[in-house]
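**Q** First, the structure itself, so that you have it in front of you.
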């Protein structure tokens, strides 16, 4: 267990030091520098940051859980994002970047009027602070606590385990967001992203080996893959009938309801679009969006397929009762504990922690952007330095209060 | 937002109507038992269609007097990504292939 903790701390510190080193000479005093990374992000950093903001620890548990209880149709949430990202790249970004827009509400002001802008700013802020931040923190902490059995490591109760993770994430997240601005957030995302790709792909690959053992034979990857693809064909089918309900996604929705949902998420969500607006030039911003579309397809192997593997492995072993409602949420943690070697647990924990941190950071950074540029500045006309202090206090109070409330 | 970008004539009254309408409509689908029988994304799409119609009516009834254009702030190089369209087609092809592989035709059989 000690090894796990040491690995965890080491990886987290390395990410922080690297991000700090990369961004230490940045000018954070201007609006462009702090909120839009000085408009200097290359395409691959945009794509990596988009992915890490999008991918959070609770999705590893939640989406895999849906695939476990439902089928591969869950992949609609991931794969079809590519279409919305194309609209973002070719329709929306050229217009936004031409106008030098920094926030979505700012656009509403240019296009409509101040009232519309205030209306949307308030809605965004309420959504971020009241629903997104606590959800990311709480469900992320639950996921971490479950997978790594934090209660036993530190010998504390469930309540304190959750609080511990919530609190440390919140604190580190705030340090990044407040002292480093978007650029530090984006770089730490990219490094964590590499870790998440390694850890995330290790789970299905190791899972397939485990299936190989299960299928008899010599336990090779090929045997496992064959078992995975042929044992439960209904689980591998991504086309759910039109009348099915969640966790299935009916096929007529793929280009209708899902597309509207994806457009809302990828094109009107400040925490997402802020990354693309920080691009070096139009071409780099477009590259970021399109590459993110490719990554979303790969995502299926990390956050949908393990659900199916867990279904096959755990039901065959008889170690999980699928009739229980919450079985889905336990599927991924159980699969990880089953297949992940102890040596890699600490590294994987750090990456998961990074994923929670990243989603939290992005939302926090976007909330402060909207608050400072669209509400505080126009209403009270203070300079940017004064805002920051006020914001920190406000958000910290809010966050801490929410956190306690949730637990 | 989409309409604000694509239409030169959409008036500022339109979002002020659609936002409350959306909250009420979508809220209603969460309460009415009949709506629970269908996947909630059907209702998301339904709201979108209703709001698009409201937008079109607003544009017909009270269009903006002068056309709206995004001002050119000249903050960056606006040359589009040359091979962007090609990569977009490749990305779309990957998505379609994934859906064919995970269909009753191949693995779901």
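Chains as they are written, first to last, in the numbering used here: chain E, 1 to 407; chain V, 408 to 516.
Idealized CB from N, CA, C, for every residue including glycine.
Quantities reported herein were computed from a predicted structural model and do not represent experimental measurements.
#1: Please check if any C-beta of chain V sits within less than 8 Å of the C-beta of residue 166 of chain E.
#2: Taking DSSP's pairing of strands, which residues face residue 495 of chain V in a bridge?
#3: Is the Cβ-Cβ distance between residue 280 of chain E and residue 79 of chain E less than 8 Å?
#4: Which of the three DSSP states, helix, strand or coil, is assigned to residue 105 of chain E?
#5: Which residue's Cα is closest to the Cα of residue 491 of chain E: E:284, E:144 and E:335?
#6: Quick test of the definition: if touching needs 3 or more C-beta pairs under 8 Å, does the region 352-365 of chain E touch the region 54-70 of chain E?
#7: Residues of the region 479-502 of chain V with a CB closer than 7 Å to any CB of chain E: list them in chain order, please.
#8: Which residues in the same chain have their Cβ closer than 6 Å to the Cβ of residue 248 of chain E, if we skip the five residues on either side of it in sequence?
#9: With 8 Å set as the bound, which would you pick, yes or no: does the beta-carbon of residue 4 of chain E sit closer than that to a beta-carbon of chain V?
#10: Within 8 Å of any Cβ in chain E, is that where the Cβ of residue 423 of chain V sits?
#11: Tell me the rounded alpha-carbon separation between residue 235 of chain E and residue 149 of chain E.
#12: Residues of chain V with a CB under 7 Å from the CB of residue 312 of chain E: which are they?
#13: Across the region 6-22 of chain E and the region 184-193 of chain E, are there enough close Cβ pairs to call them in contact, namely three or more that are closer than 8 Å?
#14: So, helix, strand or coil for residue 250 of chain E, using DSSP?
#15: Would you list the residues sitting across from residue 240 of chain E in a DSSP beta bridge?
#16: Quick check on this structure: which residue in E:227, E:106 and E:195 has the alpha carbon closest to the alpha carbon of residue 210 of chain E?
#17: Please state if the CB of residue 461 of chain V and the CB of residue 424 of chain V are separated by a distance shorter than 8 Å.
#18: Within 10 angstroms of its Cβ, does residue 444 of chain V collect 16 or more other Cβ (buried), or is it exposed?
#19: Measuring CA to CA, which of E:306, E:123, E:334 and E:304 is closest to residue 318 of chain E?
#20: Check the Cβ-Cβ distances between residue 440 of chain V and every residue of chain E, and say whether any is below 8 Å.
#21: List the residues that DSSP assigns as beta-bridge partners of residue 41 of chain E.
#22: Could you name each continuous alpha helix (DSSP H) segment of 4 residues or more that falls completely within the region 142-176 of chain E, going from the start of the chain to the end?
#23: Can you give me, in chain order, the residues of the region 449-461 of chain V that have a beta carbon less than 7 Å from any beta carbon in chain E?
#24: Counting along the chain, where does the alpha helix (DSSP H) carrying residue 262 of chain E start and finish?
#25: Determine the direct distance from the alpha carbon of residue 65 of chain E to that of residue 433 of chain V, and round the result to whole angstroms.
#26: Would you say residue 60 of chain E and residue 332 of chain E are within 8 Å of each other, going by their C-beta atoms?
#27: What is the DSSP secondary structure of residue 478 of chain V, counted as helix, strand or coil?
**A** In short, the structure shows the following:
#1: no
#2: Residue 495 of chain V is not bridged to any residue.
#3: no
#4: helix
#5: No answer is possible for residue 491 of chain E: the residues shown for chain E start at 1 and end at 407.
#6: yes
#7: 479, 480, 482, 483, 484, 485, 486, 487, 488, 491, 494, 495, 498, 499, 501 and 502
#8: 70, 73 and 240
#9: no
#10: yes
#11: 29 Å
#12: Per Cβ cutoff of 7 Å: no residues; residue 312 of chain E is ~13 Å from chain V at best.
#13: yes
#14: strand
#15: E:250
#16: E:227
#17: yes
#18: exposed
#19: E:334
#20: no
#21: E:279
#22: 150-154
#23: 449, 451, 452 and 455
#24: 257-267
#25: 26 Å
#26: yes
#27: coil
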